[in-house]
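Here's the structure, in structure tokens; my notes come after.
There are 2 protein chains.
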Amino acid sequence: MSEVVNLSRKEQVIRKAAELFKEKGYAAASMRDLAQKLGIEAASLYSHIKSKEEILHTLCFDMAAEFRRSLESVEKEQNLTASEKLQKGIIGHIQVMAKDLTASAVFMNEHRHLSQPSLRDFLLLRINYINRFKTMIEEGVAKGEFKSTIDKKLAVMTLFSSLNWMPMWYDPDAAIEPEDLGRQLADMLVNGLRKDK
Amino acid sequence: MSEVVNLSRKEQVIRKAAELFKEKGYAAASMRDLAQKLGIEAASLYSHIKSKEEILHTLCFDMAAEFRRSLESVEKEQNLTASEKLQKGIIGHIQVMAKDLTASAVFMNEHRHLSQPSLRDFLLLRINYINRFKTMIEEGVAKGEFKSTIDKKLAVMTLFSSLNWMPMWYDPDAAIEPEDLGRQLADMLVNGLRKDK
DNA sequence: TTAATTTTTAAATTGGCGTTTAGAAAATTT
DNA sequence: AAATTTTCTAAACGCCAATTTAAAAATTAA
């Protein structure tokens, strides 16, 4: 009945589970697979976690909390143009992702296997997060910094799609740093591909 | 042993399967679920399809063929600027998607459950498709139409991510037409959000 | 109305799933 | 060294999975 420093083994289980969930998908990943990856029997897992879904819950909500924290710190900053705010929001998101690409992939692809009421809670967090990016874009339009003709929903979904897919192709060993990547994505979104005249 | 006009019931099965796979994910969707949706017993399905995976295979490769066809017809056109080509490629992709949003969602999210060698074949088709969009962007850079500073991989992945996520949020009953949506996405990508001075 | 074909079913097969239980082994604390 | 806690295991439970088989029912064609 100790509650402290119990983390080490449990975290090991969760990290390996993240790898497995990313690789095979939550539904296709079995607890026996997971146990084998850890070199133990499936039954042993249950000394560390309550259920398969608890692992998914932990992965999804921990990531959500980090994304939220990152966005909040950007929102607190003052005297930023809409472009700057957007850029910082994007960079923050990518930095959070880059810290754990595996968990990020699970967060993005597997959250739908959460059961109620967790699923509802998760989706609420997500829609809230997206809306806060949408607000940044709307502020940009209101201030005359962004075109008023743009479809805001399209803009924010494009941004969010792009962020969400990054864990699929971003190579952390490659030359490019999360901050650079974020800067470039923000630049592309704000200024486009077209060469200035 | 008839081979003709057998399509009707089989297609019905495949369409319902697409809905189910989109909703629950391939691995979590059972043949019993599917049968129930059709009002028959699970065993009856096997008069129409060979296996669960055959359904997934059909859905994924049929969509892939349609995307390919669409892109090829754009590539054939001549005397287009890079922006125009990109725009037409994007519009084509969205039109194909809009014709069957359910199958598109399966194509995007569930293809990874294909087993070898189908999975390999599918991924080859996909990388080829992406590379053809990348070529469009590179041509734009080569002609001086696009900035030379852009990260081409980032650009094409952003585009592709955005296209891939559309079936998740695009509402076919909403006011916006696939062609308009494509035009706007292309405009955002090429010209950015920033207001022209 | 037969004959042929398509569609469906009940029943079984084989196998994997998440999880529980009772307790052994190993590691840690006292 | 003894006591406590953590980690692990073998064995089982009940359930659900995809698929096969042989045959019945429904539909279509001759």
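Here the protein sequences come in this chain order: A and U. The C-terminal position of the first sequence is numbered 197 in the numbering used here, with every residue numbered one higher than the one before it. The C-terminal position of the second sequence is numbered 1197 in the numbering used here, with every residue numbered one higher than the one before it. Where a beta carbon is used, it is the ideal one built from N, C-alpha and C, also for glycine.
Given residue i as reference, the closest of the options once Cα atoms are compared
i                         : options                                       : result
threonine 1102 (chain U)  : U:Gly1092, U:Tyr1170 and U:Asn1191            : U:Tyr1170
arginine 126 (chain A)    : A:Gln87, A:Lys10 and A:Leu71                  : A:Leu71
leucine 1181 (chain U)    : U:Leu1059, U:Lys1195, U:Ile1040 and U:Ser1162 : U:Ser1162
isoleucine 1094 (chain U) : U:Phe1067, U:Glu1075, U:Ser1073 and U:Gln1078 : U:Phe1067
glutamate 53 (chain A)    : A:Pro172, A:Lys152 and A:Met31                : A:Met31
asparagine 131 (chain A)  : A:Lys24, A:Glu75, A:Ala28 and A:Ala29         : A:Glu75
glutamate 1011 (chain U)  : U:Lys1195, U:Asn1128, U:Asp1062 and U:Phe1122 : U:Asp1062
arginine 183 (chain A)    : U:Thr1058, U:Ala1029, U:Lys1050 and U:Ile1150 : U:Ile1150
aspartate 1196 (chain U)  : A:Met166, A:Lys147 and A:Trp165               : A:Lys147
leucine 86 (chain A)      : A:Arg120, A:Glu145 and A:Leu34                : A:Glu145
lysine 1088 (chain U)     : U:Met1097, U:Glu1077 and U:Ser1115            : U:Glu1077
glutamate 19 (chain A)    : A:Asn109, A:Gly92 and A:Ala64                 : A:Asn109
leucine 198 (chain A)     : A:Glu23, A:Asp100 and A:Ala43                 : Because chain A in this structure spans residues 1 to 197, residue 198 (chain A) falls outside the shown range and cannot be described.
arginine 1194 (chain U)   : A:Lys152, A:Asn79, A:Glu179 and A:Val13       : A:Lys152
serine 115 (chain A)      : U:Asn1079, U:Ala1017 and U:Lys1024            : U:Lys1024
proline 167 (chain A)     : A:Ala64, A:Leu80, A:Ala98 and A:Ile40         : A:Ala98
asparagine 128 (chain A)  : A:Leu38, A:Arg69, A:Ser51 and A:Leu80         : A:Arg69
asparagine 164 (chain A)  : A:Pro172, A:Arg120, A:Pro178 and A:Ser104     : A:Ser104
lysine 1037 (chain U)     : U:Lys1050, U:Val1013 and U:Ser1051            : U:Val1013
glutamate 1179 (chain U)  : U:Ser1073, U:Gly1092 and U:Ala1065            : U:Gly1092
serine 118 (chain A)      : A:Asn79, A:Ser73, A:Ala64 and A:Leu80         : A:Ala64
serine 1051 (chain U)     : U:Ala1017, U:Arg1120, U:Leu1124 and U:Pro1172 : U:Ala1017
valine 96 (chain A)       : A:Leu80, A:Ser73 and A:Glu84                  : A:Ser73
Per DSSP, the bridge partner or partners of residue i
i                      : result
arginine 194 (chain A) : U:Phe1146
Test item: CB-CB of residue i and residue j under 7 Å
i                            : j                         : result
alanine 1174 (chain U)       : isoleucine 1090 (chain U) : no
alanine 155 (chain A)        : isoleucine 137 (chain A)  : yes
leucine 1056 (chain U)       : tyrosine 1026 (chain U)   : yes
asparagine 1191 (chain U)    : glycine 140 (chain A)     : no
phenylalanine 21 (chain A)   : valine 106 (chain A)      : yes
phenylalanine 1122 (chain U) : histidine 1113 (chain U)  : no
alanine 35 (chain A)         : alanine 29 (chain A)      : no
Cβ separation of residue i and residue j, assumed to be a contact under 8 Å, to the nearest whole Å
i                        : j                        : result
threonine 1158 (chain U) : methionine 157 (chain A) : Not quite, the Cβ-Cβ distance comes to about 12 Å (not below 8 Å), so this is no contact.
alanine 82 (chain A)     : lysine 143 (chain A)     : 6 Å
histidine 1048 (chain U) : arginine 1015 (chain U)  : Not confirmed; about 12 Å, so no contact.
* To do: Return the chain-ordered ranges of every alpha helix (DSSP H) run that is complete within the stretch 61-116 of chain A and spans a minimum of 4 residues.
  => Whole alpha helix (DSSP H) segments, 4+ residues: 82-99 and 101-109.
* To do: Could you tell me which uninterrupted alpha helix (DSSP H) segments, each at least 4 residues in length, are contained entirely in the stretch 143-183 of chain A, listed from first to last along the chain?
  => Fully contained in the stretch 143-183 of chain A are the following alpha helix (DSSP H) runs of length 4 or more, in chain order: 152-169.
* **Contained alpha helix (DSSP H) runs [length at least 4] in the stretch 29-56 of chain A, N- to C-terminal order** => Note on the stretch 29-56 of chain A: whole alpha helix (DSSP H) runs with a minimum of 4 residues are 31-38 and 42-45, in chain order.
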